[in-house]
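Residue numbers (this note's numbering), protein chains in the order written: chain A, 12 to 265; chain B, 53 to 407.
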Amino acid sequence: MKQIFALLMCVALALTSCGEDMDDNALSNANINFKFSHTWDNTLINSSNLTTQTLTNENGENINITRIRYLISKLQLVNSSGTTFTFDGYKFTDLENEDTYNFTPENNSIPTGTYTLKFVWGFNEEDNIDGAYLDLNSASWNWPTMLGGGYHFLQFDGMYNVDTTPSPFNYHNGTARVSVGNFEQNFAIIELETPLNITKNATINVNMNISEFFKNPNTWDLNVLDTPLMPNYNAQKMMQENVMSVFNVEGITQ
Amino acid sequence: MKNWIAYLLLIVSVLACSKENASDTETYEPTPLPLNIPQIFSNNIIPPVIPNNNPQTVEGVALGKKLFFDKTLSANQTIACASCHAPQNAFTDNTPTSDGIDGIFGTRNSMPLFNLAWNYGERFTWDGKELSLERQAIEPVQNPIEMHSDWDDVVDRLQVDNDYPELFRLAFKTSTITKELTTKAIAQFERTLISANSKFDRFSLGQATLTPQEQNGLNVFMDEEKGDCFHCHGNPNNPLWTDNVFHNNGLDATFTDLGLGGVTGDPSDNGKFRSPSLRNLAYTAPYMHNGRFATLDQVIEFYSTGLQQSPTIDALMKKVDQGGVNLSAQDKADLKAFLLTLSDPSFLSNPGFQD
Numbered sequence: 012m013k014q015i016f017a018l019l020m021c022v023a024l025a026l027t028s029c030g031e032d033m034d035d036n037a038l039s040n041a042n043i044n045f046k047f048s049h050t051w052d053n054t055l056i057n058s059s060n061l062t063t064q065t066l067t068n069e070n071g072e073n074i075n076i077t078r079i080r081y082l083i084s085k086l087q088l089v090n091s092s093g094t095t096f097t098f099d100g101y102k103f104t105d106l107e108n109e110d111t112y113n114f115t116p117e118n119n120s121i122p123t124g125t126y127t128l129k130f131v132w133g134f135n136e137e138d139n140i141d142g143a144y145l146d147l148n149s150a151s152w153n154w155p156t157m158l159g160g161g162y163h164f165l166q167f168d169g170m171y172n173v174d175t176t177p178s179p180f181n182y183h184n185g186t187a188r189v190s191v192g193n194f195e196q197n198f199a200i201i202e203l204e205t206p207l208n209i210t211k212n213a214t215i216n217v218n219m220n221i222s223e224f225f226k227n228p229n230t231w232d233l234n235v236l237d238t239p240l241m242p243n244y245n246a247q248k249m250m251q252e253n254v255m256s257v258f259n260v261e262g263i264t265q
Numbered sequence: 053m054k055n056w057i058a059y060l061l062l063i064v065s066v067l068a069c070s071k072e073n074a075s076d077t078e079t080y081e082p083t084p085l086p087l088n089i090p091q092i093f094s095n096n097i098i099p100p101v102i103p104n105n106n107p108q109t110v111e112g113v114a115l116g117k118k119l120f121f122d123k124t125l126s127a128n129q130t131i132a133c134a135s136c137h138a139p140q141n142a143f144t145d146n147t148p149t150s151d152g153i154d155g156i157f158g159t160r161n162s163m164p165l166f167n168l169a170w171n172y173g174e175r176f177t178w179d180g181k182e183l184s185l186e187r188q189a190i191e192p193v194q195n196p197i198e199m200h201s202d203w204d205d206v207v208d209r210l211q212v213d214n215d216y217p218e219l220f221r222l223a224f225k226t227s228t229i230t231k232e233l234t235t236k237a238i239a240q241f242e243r244t245l246i247s248a249n250s251k252f253d254r255f256s257l258g259q260a261t262l263t264p265q266e267q268n269g270l271n272v273f274m275d276e277e278k279g280d281c282f283h284c285h286g287n288p289n290n291p292l293w294t295d296n297v298f299h300n301n302g303l304d305a306t307f308t309d310l311g312l313g314g315v316t317g318d319p320s321d322n323g324k325f326r327s328p329s330l331r332n333l334a335y336t337a338p339y340m341h342n343g344r345f346a347t348l349d350q351v352i353e354f355y356s357t358g359l360q361q362s363p364t365i366d367a368l369m370k371k372v373d374q375g376g377v378n379l380s381a382q383d384k385a386d387l388k389a390f391l392l393t394l395s396d397p398s399f400l401s402n403p404g405f406q407d
């Protein structure tokens, strides 16, 4: 009997001490969410002009966009002392649907402080599990098993040379196939240097400059690399390089 | 002894409850009938869409089924929904377009009806003009070249029928029949039309094997350098075998039927139609929105060599310059063999779906 009493006391103590901890945190914690915008250099791209705007890429082709969908995951905030906060979930964005521009992780509370943002382009090897995510399957976001399976990171379809002889391009990015049955991870870790001084609940604004997919370091020649690119190892690796300069932190709203 | 008293109390209170029930007829509730979600769906895709204001019930589905097969819904009582949506054709018909009660043919191919609750965007018909199953069911009844009825007349006929008022009471707790309740019942029945038992479904569940030819056909379907069908028509992880999205797949250079463009008024949507599911193709010929292809071979030949350039053609129809994906004779035959593994004979003979 005494033992049970002691146990109960312990449990009660543990519970109350927990409660106090949470109170302490509440004073210095902030809830974080994310808002992504998309541009082509200085032109804002959203659902109203996605398919109507004619754009010129670095190599000089005039293009029209049909659709852009992309996936990022494992969003993390790294504070100045090196502690990392990892947010749950992944962000699947369809430029046609502006609701998907925003992302609020389920557990989005972190201590206030100064941070930098880091995330994975696509899924890393551990998360890129074939068929594992029902919402992504429902969006037919899968990457063929013959190319290593898992999921697309990017589906960017459109027409180039629209002013002369329009031709389709399918700039799709995912796992790279080296040879039949031999695959290479192709995700990218995006680390954005801009310091984020988070003092209270905050929205972190991130921009994707779509034109960078065709620019840096590889100037993309759609006349050569239009389609099919999914099974093209070199094209997949060039996409992985070019995505590094696509994202930028614009700042925070708090 | 104490227990004994407790039981007595329990019995008394239960009796009291049931007495109340008996005196109050309004407490009758139809029996809930949750959709029977097949394993291949629950394993792979998100749950179906069921509107809060029209839950599935045993009585609602039974009533919907009776209405679906009932010619009373047409003006001269000669055709039912099932006349153009017949169970033995996976709930479509076998003519390019369908004739209504006056023998006049419409301009569109009747659509097969299955897995409708998994159309997450809830845009129904070829051009997406109907925004829910409930609303869709209003249309054929009053469409002049389909059932050519007036809803007030239909409701009157149902109201004076010997059986319907009681069936509506059981389904919706009122014997006063309305257009809204009629279409709710039909939509409930339509949501039960689930097809998920094809050879390929059983293969995915480890219960069947594909022949080498079918396996190669799947590869043609999934290979961006060959068929590249999966960007619009699903994949082994999306067993709906459609994206339910609108595309111009290159059927025509100019459009007599604007498709989605006719609904949105946006010329950049002209010639776009909703990708149909590739399930049950064995029973749903002829194909495409106007039923222009009588056979699957013709469909495959179209994707291989017959594509037509137009301003709104989807960028995924990437080989339009060369007429199409130019499959070898072997790949065409294999692709067809694979497509046929998506057909589900048990769906046609399901006793719950027959008149």
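Ideal placement from N, C-alpha and C gives every residue a C-beta, glycine not left out.
Exercise for the section: Starting from the C-beta of residue 314 of chain A, find all residues in its chain whose C-beta is less than 7 angstroms away, skip the five residues before and the five after it, and write them out in chain order. Expected result: As shown, chain A starts at 12 and ends at 265. That puts residue 314 of chain A outside it, with no answer to give.
Practice task
May I ask you to report which of helix, strand or coil DSSP gives residue 311 of chain B?
Solution key: Position 259 of the second sequence holds residue 311 of chain B. In the structure shown, residue 311 of chain B sits in a strand (DSSP, three-state: E or B).
Exercise for the section: Measuring only between beta-carbons, confirm whether residue 178 of chain A sits less than 8 angstroms from chain B. Expected result: In the first sequence, the residue the question calls residue 178 of chain A occupies position 167. So, interface residue.
Practice task
Taking 8 angstroms as the cut-off, decide whether the C-beta atoms of residue 236 of chain A and residue 70 of chain A are in contact.
Solution key: Looking up residue 236 of chain A in the first sequence gives position 225. Looking up residue 70 of chain A in the first sequence gives position 59. Not in contact: residue 236 of chain A and residue 70 of chain A (Cβ atoms no closer than 8 angstroms).
Exercise for the section: From the DSSP output, in three-state form, read off residue 191 of chain A for me. Expected result: Numbered from 1 along the first sequence, position 180 holds the residue referred to as residue 191 of chain A. Coil at residue 191 of chain A, not helix or strand.
Practice task
State the beta-bridge partners of residue 339 of chain B as determined by DSSP.
Solution key: Counting from 1 along the second sequence, the entry for residue 339 of chain B is found at position 287. Residue pairing by DSSP places residue 339 of chain B opposite B:345 in a beta bridge.
Practice task
Please check if any C-beta of chain A sits within less than 8 angstroms of the C-beta of residue 320 of chain B.
Solution key: For the purposes of this step, residue 320 of chain B is identified with residue 268 of the second sequence, where counting begins at 1. Yes, because at least one Cβ of chain A sits closer than 8 angstroms to the Cβ of residue 320 of chain B.
Practice task
Locate the alpha helix (DSSP H) running through residue 243 of chain B, then write down its first and last residues.
Solution key: By 1-based counting over the second sequence, the position of residue 243 of chain B is 191. Element bounds for residue 243 of chain B: 231-243.
Practice task
Using a Cβ cut-off of 8 angstroms (strictly closer), state whether residue 104 of chain A contacts chain B.
Solution key: Residue mapping note: residue 104 of chain A aligns to position 93 of the first sequence, counting from 1. By the rule that beta-carbons nearer than 8 angstroms mark a contact, residue 104 of chain A does not touch chain B.
Problem - Separation of residue 338 of chain B from residue 284 of chain B, as counted between CA atoms - result: In the second sequence, the residue the question calls residue 284 of chain B occupies position 232. In the second sequence, the residue the question calls residue 338 of chain B occupies position 286. Using only the alpha carbons, I get a separation of about 20 angstroms.
Practice task
Check the C-beta distance from residue 203 of chain A over to residue 125 of chain A and give it rounded, since I have them as a contact under 8 angstroms.
Solution key: Residue mapping note: residue 203 of chain A aligns to position 192 of the first sequence, counting from 1. Residue mapping note: residue 125 of chain A aligns to position 114 of the first sequence, counting from 1. 14 angstroms between Cβ atoms; not a contact.
Practice task
Could you work out which residues of chain A lie near residue 282 of chain B, taking near to mean beta carbons separated by less than 9 angstroms?
Solution key: Locating residue 282 of chain B in the second sequence gives position 230, where the first residue counts as 1. Within chain A, the residues near residue 282 of chain B are 151, 153 and 155.
Practice task
Would you mind reading off the limits of the beta strand (DSSP E) that contains residue 144 of chain A?
Solution key: Here the question's residue 144 of chain A lines up with position 133 in the first sequence. Residue 144 of chain A -> no beta strand (DSSP E), and no H or E assigned at all.
Exercise for the section: Would you be able to state if there are at least three C-beta pairs under 8 angstroms between the segment 232-241 of chain B and the segment 371-381 of chain B? Expected result: With a cut-off of 8 angstroms, the segment 232-241 of chain B and the segment 371-381 of chain B do not count as touching, because too few Cβ pairs lie within range.
Handout entry: CB contact flag (residue 44 of chain A, residue 120 of chain A, <8 angstroms)
Key = Here the question's residue 44 of chain A lines up with position 33 in the first sequence. Here the question's residue 120 of chain A lines up with position 109 in the first sequence. Not in contact: residue 44 of chain A and residue 120 of chain A (Cβ atoms no closer than 8 angstroms).
Problem - residue 95 of chain B: CB within 7 angstroms of a non-hydrogen atom of the ligand MN - result: With respect to small molecules bound, the structure shown includes none, and the ligand MN cannot be examined in it.
Practice task
Using a Cβ-Cβ cut-off of 8 angstroms, state whether residue 386 of chain B counts as contacting chain A.
Solution key: Position 334 of the second sequence holds residue 386 of chain B. Judged by the 8 angstroms Cβ criterion, residue 386 of chain B is not in contact with chain A.
Practice task
Assign residue 178 of chain B to one of three DSSP states: helix, strand, or coil.
Solution key: Numbered from 1 along the second sequence, position 126 holds the residue referred to as residue 178 of chain B. In this structure, residue 178 of chain B counts as coil in the three-state DSSP scheme.
Practice task
Note down, in chain order, every chain B residue with its Cβ under 8 angstroms from the Cβ of residue 145 of chain A.
Solution key: As a working mapping, residue 145 of chain A is identified with position 134 in the first sequence. Residues of chain B passing the Cβ test: 96, 97 and 98.
Exercise for the section: Could I get the ranges of all uninterrupted beta strand (DSSP E) runs contained in the segment 41-80 of chain A, with 3 residues as the minimum, in chain order? Expected result: Whole beta strand (DSSP E) segments, 3+ residues: 65-67.
Handout entry: Close beta carbons around residue 140 of chain B, own chain, < 6 angstroms, minus the five adjacent residues each side
Key = As a first step, residue 140 of chain B is located in the second sequence; it is residue number 88 there, counting from the start. Here the set comprises 400.
Problem - Spatial neighbours of residue 156 of chain A in its chain, beta-carbon cut-off 7 angstroms, leaving aside the 5 residues before and after - result: Here residue 156 of chain A corresponds to residue number 145 of the first sequence, with the count starting at 1. Closer than 7 angstroms at the Cβ level, and outside the excluded window around residue 156 of chain A, lie 141.
Exercise for the section: Check whether the segment 87-101 of chain B touches the segment 286-297 of chain B, taking contact to mean three or more Cβ pairs, one atom from each stretch, closer than 8 angstroms. Expected result: The segment 87-101 of chain B is in contact with the segment 286-297 of chain B.
Problem - N- and C-terminal bounds of the alpha helix (DSSP H) containing residue 123 of chain B - result: Stepping through the second sequence from its first residue, residue 123 of chain B is reached at position 71. Note, residue 123 of chain B: premise wrong, no alpha helix (DSSP H); not H, not E.
Practice task
Give me the Cα-Cα distance between residue 63 of chain A and residue 122 of chain B, rounded to the nearest whole angstrom.
Solution key: Within the first sequence, numbered from 1, the residue matching residue 63 of chain A stands at position 52. Within the second sequence, numbered from 1, the residue matching residue 122 of chain B stands at position 70. Taken atom to atom, the span from the alpha-carbon of residue 63 of chain A to that of residue 122 of chain B is near 47 angstroms.
Handout entry: Residue closest to residue 335 of chain B, alpha-carbon to alpha-carbon, out of B:117, B:89 and B:145
Key = Here residue 335 of chain B refers to the residue found at position 283 when the second sequence is read from its first residue. Selected option, being the one with the closest Cα: B:145.
Handout entry: DSSP three-state assignment for residue 166 of chain A, whether helix, strand or coil
Key = Stepping through the first sequence from its first residue, residue 166 of chain A is reached at position 155. Of the three classes helix, strand and coil, the one that applies to residue 166 of chain A here is strand, per DSSP.
Exercise for the section: Could you spell out where the alpha helix (DSSP H) holding residue 191 of chain B opens and where it closes? Expected result: Sequence index remark: in the second sequence, residue 191 of chain B carries index 139 (1-based). Note, residue 191 of chain B: alpha helix (DSSP H), 190-194.
Practice task
Step through the CB atoms of chain A and report whether any lies within less than 8 angstroms of the CB of residue 355 of chain B.
Solution key: Residue 355 of chain B sits at position 303 when you count from the first residue of the second sequence. At a cut-off of 8 angstroms between C-beta atoms, residue 355 of chain B does not count as an interface residue with respect to chain A.
Practice task
Mind checking the segment 165-181 of chain B against chain A and listing, in chain order, the residues whose C-beta falls within less than 9 angstroms of any C-beta there?
Solution key: Correct list: 170 and 172.
Exercise for the section: Output the distance between the C-alpha atoms of residue 76 of chain B and residue 225 of chain B, rounded to the nearest integer angstrom. Expected result: Walking along the second sequence from the start, residue 76 of chain B turns up at place 24. Walking along the second sequence from the start, residue 225 of chain B turns up at place 173. For residue 76 of chain B, the predicted structure reports a pLDDT of 49, less than 50, and the residue's modelled location is therefore unreliable. The matter cannot be settled from this model.
Problem - Span of the alpha helix (DSSP H), counted from its first residue to its last, around residue 207 of chain A - result: Mapped onto the first sequence, residue 207 of chain A falls at position 196. Here residue 207 of chain A belongs to no alpha helix (DSSP H); instead the beta strand (DSSP E) covers 199-209.
Exercise for the section: Leaving out five residues on either side along the sequence, give the residues of the same chain with a beta carbon under 6 angstroms from the beta carbon of residue 115 of chain A. Expected result: Stepping through the first sequence from its first residue, residue 115 of chain A is reached at position 104. Taken in chain order, the residues that qualify are 44.
Practice task
Compare the C-beta of residue 148 of chain A against all C-beta atoms of chain B and say whether one is closer than 8 angstroms.
Solution key: Within the first sequence, numbered from 1, the residue matching residue 148 of chain A stands at position 137. Taking Cβ atoms only, chain B reaches closer than 8 angstroms to residue 148 of chain A, which makes this a yes.
Practice task
Consult DSSP for residue 261 of chain A and reduce its assignment to one of helix, strand or coil.
Solution key: Counting from one through the first sequence, the residue named residue 261 of chain A turns up at place 250. Strand at residue 261 of chain A.
Practice task
Please work out which residues of its chain come closer than 7 angstroms, Cβ to Cβ, to residue 191 of chain B, disregarding the five sequence neighbours upstream and downstream, and give them in chain order.
Solution key: As a working note, residue 191 of chain B is residue 139 in the second sequence. Excluding residues within five positions, the ones whose Cβ falls inside 7 angstroms are 182.
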